[in-house]
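**Student:** Numbering (the numbering used here), first residue to last: -6 to 816.
Heads up, the beta-carbon is just placed ideally off N, CA and C, and yes, glycines get one too.
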Amino acid sequence: MTEMKLNKGWTVDFDGKKLPAAVPGDVTLDLWHNNVIDNPYFGMNHKQLHWIINRDFVYETRFDLSDEMFAEQEILLEFDGIDTYADIYLNGKQLGHTQNMFLKYTYSVRDLVKKSGNLLTVKMLSTGQVMDKIDAKDYYGVFNIKRLFVRKAQCHFGWDWAPDMPGYGICGDVKLIGCVKNRISDVHYRAYNSGKLSIFVDLNYTVREHMTEDKQIRQCDPECANDILRYVVATRPDSPISDGNGVVFETKVTGEKNFANFTIDNPELWWPNGYGKQPLYDYKVQLVRGGKVVDERAGRFAFREIALCQEPFDRTRMKYCLQVNGVNVFVKGSNWVPAECFIGGIKTEKYLRLIDEAARANFNMLRVWGGGLYEKDVFYDICDSKGIMVWQDLMFACSDIPEDDPEFVETCQKEVVFQVCRLRNHPSLVYWCGGNEKTGSYWHKITKGDYFVDVIMRGTVNNYDGTRPYARQSPCSLTDVGNDVTSGESHAGSYERSLIDGVLNYRNKVSDTGVMFVSECANMGPGTIEIYKRMFPEDKLWPMNEYWRDRLMENPYSEFKVPFCERQLLYADTLYGESDTLRQFVAKGMTSHAESMRAEIEYARANPACGGFMNWMYSDIWPSATWAVVDYYCEPKQAYYQMKRSYAPVVVTFVQNEQKQLQLVLLVDGLQTVTVDVNYGMRTLDGKTLWQRTATLSAEGGGADTVDVTDEYNAPDSYLFAEYVTDGVKQGTVFSYDMWHTCKFVSDYVYKVDKLPDCYAVTVAAKQFAKGVIVRMKDNYKFTFSDNYVDLQAGEQVTLYIYGATDDDIATLEVTDFAKETA
-6 MTEMKLNKGW
4 TVDFDGKKLP
14 AAVPGDVTLD
24 LWHNNVIDNP
34 YFGMNHKQLH
44 WIINRDFVYE
54 TRFDLSDEMF
64 AEQEILLEFD
74 GIDTYADIYL
84 NGKQLGHTQN
94 MFLKYTYSVR
104 DLVKKSGNLL
114 TVKMLSTGQV
124 MDKIDAKDYY
134 GVFNIKRLFV
144 RKAQCHFGWD
154 WAPDMPGYGI
164 CGDVKLIGCV
174 KNRISDVHYR
184 AYNSGKLSIF
194 VDLNYTVREH
204 MTEDKQIRQC
214 DPECANDILR
224 YVVATRPDSP
234 ISDGNGVVFE
244 TKVTGEKNFA
254 NFTIDNPELW
264 WPNGYGKQPL
274 YDYKVQLVRG
284 GKVVDERAGR
294 FAFREIALCQ
304 EPFDRTRMKY
314 CLQVNGVNVF
324 VKGSNWVPAE
334 CFIGGIKTEK
344 YLRLIDEAAR
354 ANFNMLRVWG
364 GGLYEKDVFY
374 DICDSKGIMV
384 WQDLMFACSD
394 IPEDDPEFVE
404 TCQKEVVFQV
414 CRLRNHPSLV
424 YWCGGNEKTG
434 SYWHKITKGD
444 YFVDVIMRGT
454 VNNYDGTRPY
464 ARQSPCSLTD
474 VGNDVTSGES
484 HAGSYERSLI
494 DGVLNYRNKV
504 SDTGVMFVSE
514 CANMGPGTIE
524 IYKRMFPEDK
534 LWPMNEYWRD
544 RLMENPYSEF
554 KVPFCERQLL
564 YADTLYGESD
574 TLRQFVAKGM
584 TSHAESMRAE
594 IEYARANPAC
604 GGFMNWMYSD
614 IWPSATWAVV
624 DYYCEPKQAY
634 YQMKRSYAPV
644 VVTFVQNEQK
654 QLQLVLLVDG
664 LQTVTVDVNY
674 GMRTLDGKTL
684 WQRTATLSAE
694 GGGADTVDVT
704 DEYNAPDSYL
714 FAEYVTDGVK
724 QGTVFSYDMW
734 HTCKFVSDYV
744 YKVDKLPDCY
754 AVTVAAKQFA
764 KGVIVRMKDN
774 YKFTFSDNYV
784 DLQAGEQVTL
794 YIYGATDDDI
804 ATLEVTDFAK
814 ETA
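The following block contains the structure:
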């Protein structure tokens, strides 16, 4: 087999000029990089760009074939992704028409290609003109009703965190594949923790004569009559197949569908992040014809088993918990939306950075949200290697589903078959979901699309996979109310309810409802000062203005109809006093975001009924500052670092339970049992201990142990502390019941910087309580920090490590804190 990428040499025609174009890429990006339009991410420029999707654009490239490629028996032209409508031509002949962003398009071009001088043309057809012809008056959908019938990322048409700036272009790789006509079409496997392994091989031909649907006799190609399938399977993980690591088995081709079974002795199991390692085994399947290998597929597999546990918790509630290899795993994760507005612009490096940050923050799951896209292969490959479980929504969000439209159902079924077959070999993928918040997901369920998600999609997913749980929607339940907290999984949180009932009442709102599994908890907060400088003109940075209200918009379907920027300001000012500058707002708003996130996570972990927690959302689709905990440029916010601490395998903290009783709590994850002796009590900000107690807490992985706090715990300029030792290392936490509302901080600490072989170390020593100590530099988003925004008690010190910086970068370093930033 020969492969040739066709990603270079493309042009896009704009008003008769052939401009250089990137593939994979996007029309908007090409126009920006050729100075036809201004930066679409800055200010309100995006509002001037809707004309782009209302006109066609023609992409072209020319290519020659190598002797090896030209000699191939079959030549395929493959498009990994086109967003969305296009006509494709090769040497003047139309190959096909595309209308679904979520499909791969493959064409046989053996009879059309020339040895040299080939012209490949992709005429991108206006998404806007297609949508103008759609009649969606009988359907419901948020933000844009006509999007329901357009099979592309639904958030492209505007969301409360995304602009109405649809992607448009060749968003995936383009390549030629030289191969034999009769070949392997698919390989997938099923592995069992016992060590048994089945590998299934589908071919695009048969070696048997049979009757087709139109009563024609299909003859076997004589050259294939004696074909052999050779299976090579590694017996050790993370080691290439070789003479000393692999078993080989050969068998005659039996038809279009074939399989072989193996047993691996003492298999090493794949575990989620925090529960163990992620061993991956290599395999390859070769098609042998006439003693020669004519086709081959290679990949990796893992031993791990997934189950969804729904069992009684008490008389009125049902558990909802994932089991991995027979062990209940408390899900700690976040909701993943596309990392770019323009899908073709997402680079591998960004996936690596974002998923690595998630793993470092003790996440074990990312939910690929149903209004975005089925992610690129590299996303799932990285999750496989880092133990990040993937909850995969099908791409339907916040709307009816037009199940009464046969053409729509047909294209969606084709899409889901393709995506299930593409993704089912990834051990990280553990959960299928029929979409996000379909109409009826919150209240009564009888709405358009029920049969589609309950029967058509469920049947399709189970037929082509069947090894993972499938849920009809998120949220879901076992009652008539989709978002019922007594079963299933819920979209729940206290942020919006506290805006209505009072910010200072936050912990009471958190403990009002015991949710069985939190799949979306929406808390928001500002970004760093630098993100605003990248979004807004200097004269629009402060105070909040029309630029803020455009970028940080309101949710028109919310009960609390206030722009997001003003919600954040309300939180910040209520907790920490009026913000007079951007710097003050950022420090106060980030702290309120982190504190509210901590309250939600630690309550969920301490609740024995709860099976998991995921915040809304992980990162941003464009420069913004609302729900995300990692910004568009991959810089973590303060809330991210708090999530890292609250998601740690062992946490000692304070949580108010459903009975409004404050408790000292030990939280444990992983395959371990932990016993700690805890010294806890109350101190003033200058270090005076007001009271102190000791307690011994013990819990198994996935469990918790508690002790009621019966002393005073909410006084001005004071806080609770807990100190303990795990694995010989002294640990500690500090806690304020009112989220530091009544505390007046001072900035009194010293620091030093040391250069180490692979990083820099910044050691900060506090003389008085230091709130939210931050280490930052110019272009802070480029670097990785072991921790940041840390709280230090009087007399305490911490060392933070910075990776990826140079001496010049360190020269710009500053250490600051909440007191300085809010002065």
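#1: Looking only at C-alpha atoms, which of ARG229, LEU683, THR256, ASP231 sits nearest to PHE242?
#2: Take the Cβ of TRP609 as the centre, count every other Cβ of all protein chains shown within 10 Å, and call the residue buried at 16 or more, exposed below.
#3: Kindly confirm or deny that the region 658 to 665 and the region 691 to 710 touch, where touching means at least three C-beta pairs closer than 8 Å.
#4: On the CB-based measure, 16 or more other CB atoms within 10 Å of its CB, does VAL743 come out buried or exposed?
#5: List the whole-angstrom C-beta distance separating PRO420 from ARG297, where the pair is believed to meet the contact cut-off of C-beta under 8 Å.
#6: Suppose the cutoff is 6 Å on Cβ atoms and the five residues either side in sequence are ignored; what does the same chain contact list for LEU22 look like?
#7: Should the region 458 to 472 be regarded as contacting the region 398 to 409, the criterion being three or more beta carbon pairs within less than 8 Å?
#8: Taking the runs of the beta strand (DSSP E) that are 3 residues or longer, which of them lie wholly in the region 208 to 279?
#9: When the Cα atoms are used, what is the spatial distance from GLY427 to PHE510?
#10: Could you pull out every residue in the same chain whose Cβ sits closer than 6 Å to the Cβ of ASP6, ignoring the five residues on either side in sequence?
#11: Tell me whether the region 600 to 617 and the region 504 to 519 touch, counting them as touching only if at least three CB pairs, one residue from each stretch, are closer than 8 Å.
#12: Just to confirm, are VAL755 and VAL808 a CB contact at a threshold of 9 Å?
#13: Of all the options ASP386, ARG560, LYS189, LYS174, which has the alpha carbon lying nearest to the alpha carbon of CYS217?
#14: Assign ARG620 to one of two classes, buried (16 or more other C-beta atoms within 10 Å of its C-beta) or exposed (fewer than that).
#15: Quick one: grab the DSSP three-state call for THR699.
#16: State the start and end residues of the unbroken alpha helix (DSSP H) segment that holds MET124.
#17: Is the region 103 to 122 close to the region 77 to 89, with three or more CB pairs under 8 Å?
#18: So, are the CB atoms of LEU105 and LEU88 less than 9 Å apart?
#19: Answer yes or no: do LEU657 and VAL667 have a C-beta to C-beta separation smaller than 9 Å?
#20: Should GLY442 and PRO395 be called a contact, given that it needs their Cβ atoms to be closer than 9 Å?
#21: Do you know whose CA, among ALA787, TYR753, GLY292, ILE767, lies nearest PHE714's CA?
#22: Looking at C-alpha atoms only, which residue of LYS250, ASP231, ALA253 is the closest neighbour of TYR274?
#23: Kindly give me the distance between the Cβ atoms of CYS164 and ASP76, rounded to whole angstroms, as I take these residues to be in contact under 8 Å.
#24: Go to LEU70, then tell me how far its beta strand (DSSP E) extends in each direction, as first and last residue.
#25: Measure the beta-carbon distance from VAL225 to TYR185 and round it to whole angstroms, keeping in mind my assumption that it falls under 8 Å.
#26: Give a yes or no on contact between the region 313 to 326 and the region 567 to 584, applying the rule of three or more CB pairs nearer than 8 Å.
#27: According to DSSP, simplified to helix, strand and coil, what is VAL413?
#28: Take ASP494 as the anchor and find which of GLN649, ILE46, PHE553 has the nearest alpha-carbon.
#29: Return the CA-CA distance between THR815 and VAL783, expressed in angstroms with no decimal places.
#30: In chain order, what residues of the same chain have a beta carbon less than 6 Å from the beta carbon of LYS369, not counting five sequence neighbours either side?
#31: Answer with buried or exposed for SER235, where buried requires no fewer than 16 other C-beta atoms within 10 angstroms of its C-beta.
#32: Return the first residue and the last residue of the alpha helix (DSSP H) that TRP25 is part of.
#33: Cα-Cα, which of HIS181, THR199, GLY486 is closest to GLY292?
#34: Count the other C-beta atoms from every protein chain shown that fall within 10 angstroms of the C-beta of LYS285, then say buried if there are 16 or more, exposed otherwise.
#35: Taking the alpha-carbon of ILE594 as reference, which of TYR633, PRO616, LEU190 has the nearest alpha-carbon?
#36: DSSP state of HIS821, grouped into three classes?
**Tutor:** Reading off the structure:
#1: The candidate whose alpha carbon is nearest that of PHE242 is THR256.
#2: It is buried - the Cβ of TRP609 has at least 16 other Cβ atoms within 10 Å.
#3: Contact between the region 658 to 665 and the region 691 to 710 is present, because at least three Cβ pairs lie under 8 Å.
#4: Exposed is the call here.
#5: At roughly 5 Å, the Cβ-Cβ gap stays under 8 Å, so PRO420 and ARG297 are in contact.
#6: Answer for LEU22: PHE335, GLY338, listed in chain order.
#7: Segments in contact, no.
#8: Listed in chain order, the complete beta strand (DSSP E) runs (minimum 3 residues) inside the region 208 to 279 are 221 to 226, 240 to 245, 250 to 256.
#9: The alpha-carbon atoms of GLY427 and PHE510 are separated by roughly 17 Å.
#10: Here the set comprises VAL51.
#11: The region 600 to 617, when compared against the region 504 to 519, does touch it at the 8 Å Cβ threshold.
#12: Yes, the Cβ-Cβ distance between VAL755 and VAL808 is below 9 Å.
#13: Shortest Cα-Cα distance from CYS217 to any of ASP386, ARG560, LYS189, LYS174 involves LYS174.
#14: It is worth fixing the name first, because residue 620 is Trp in this sequence and not Arg. In summary, TRP620 is buried, with 16 or more beta-carbon neighbours lying within 10 Å of its beta-carbon over all protein chains present.
#15: The DSSP-derived three-state label of THR699 is strand.
#16: It spans 120 to 125 - the alpha helix (DSSP H) in which MET124 sits, taken as one unbroken run.
#17: With a cut-off of 8 Å, the region 77 to 89 and the region 103 to 122 count as touching, because enough Cβ pairs lie within range.
#18: Against a cut-off of 9 Å, the Cβ pair of LEU88 and LEU105 comes out as a contact.
#19: No; because the gap between Cβ atoms is not below 9 Å, this pair is not in contact.
#20: For GLY442 and PRO395, yes; Cβs fall inside 9 Å.
#21: Ranking the options by Cα distance to PHE714, first place goes to ALA787.
#22: Each of LYS250, ASP231, ALA253 was checked against the Cα of TYR274, and the nearest Cα belongs to ASP231.
#23: Indeed, because the Cβ distance is near 4 Å, the residues count as touching under 8 Å.
#24: That run of the beta strand (DSSP E) goes 67 to 72.
#25: Not quite, the Cβ-Cβ distance comes to about 20 Å (not below 8 Å), so this is no contact.
#26: Not touching, per the Cβ criterion.
#27: The answer is helix: DSSP assigns VAL413 an H, G or I state.
#28: Of the candidates GLN649, ILE46, PHE553, the residue whose Cα lies closest to the Cα of ASP494 is PHE553.
#29: If you take the alpha carbons of THR815 and VAL783, they lie about 16 Å apart.
#30: Around LYS369: no qualifying Cβ.
#31: Flag for SER235 reads exposed.
#32: In this chain, the alpha helix (DSSP H) harbouring TRP25 covers 20 to 26.
#33: When only C-alpha atoms are compared, the closest one is HIS181.
#34: Only exposed fits LYS285, as fewer than 16 other CB atoms lie within 10 angstroms of its CB.
#35: Taking only the C-alpha atoms, the option nearest ILE594 is TYR633.
#36: It is not possible to answer for residue 821, since the shown part of the chain is limited to -6 through 816.
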